[in-house]
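*Asks:* One structure coming up, written as structure tokens, with questions to follow.
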Amino acid sequence: ARLWTRQIPVPPGSIPVAGLPGVSVQEWDFGTLQFNTNNLTSCIGPNIPAYQVNIPVSDIFWDPPIVAGTPSVIGYTVVVPPAITATNVVIDLYELQQEALA
Numbered sequence: 001a002r003l004w005t006r007q008i009p010v011p012p013g014s015i016p017v018a019g020l021p022g023v024s025v026q027e028w029d030f031g032t033l034q035f036n037t038n039n040l041t042s043c044i045g046p047n048i049p050a051y052q053v054n055i056p057v058s059d060i061f062w063d064p065p066i067v068a069g070t071p072s073v074i075g076y077t078v079v080v081p082p083a084i085t086a087t088n089v090v091i092d093l094y095e096l097q098q099e100a101l102a
């Protein structure tokens with residue numbers, strides 16, 4: 001799994017992407033075996049922090065106007081609907097793994 005983001009500063013565990021200023025990516029190998037090996041992953045149960053993807057709600061609703069193909073962020077403020085009170089959306093990769101295996 002990969003999570004691409006434009007968060008500043010770069011979130012812990014993310015790596016800046018060469019050639020894409022301000023873009024970083026975080027990767028997880030969460031199958032039952034590590035990619036291209038016969039080695040088991042450590043994604044063996046729910047609620048393991050290393051296998052949880054935390055996406056800030058403000059990132060989900062980040063939608064500045066695009067002017068001439070470039071986001072216009074000067075003076076832009078993210079607007080999260082008032083009914084949404086969570087600060088993060090958490091995706092547990094173990095749960096996805098189990099759905100894929102079912």
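Per the UniProt record's numbering, the sequence shown starts with residue 1, numbered consecutively.
Even glycine gets a Cβ: it sits at the ideal position worked out from N, Cα and C.
1) From T5 to V25, what distance separates their C-alpha atoms?
2) Sort out for me which residues DSSP pairs W4 with in a bridge.
3) How would you write the range of the alpha helix (DSSP H) that I60 sits in, first residue to last?
4) So, is F35 buried or exposed, given that buried needs 16 or more other C-beta atoms within 10 angstroms?
5) So, for I15: in the same chain, excluding its five sequence neighbours on each side, which residues have a beta-carbon less than 7 Å away from its beta-carbon?
*Replies:* Quick look at the numbers:
1) 6 Å
2) V25
3) V57 to I60
4) exposed
5) S24 and V25
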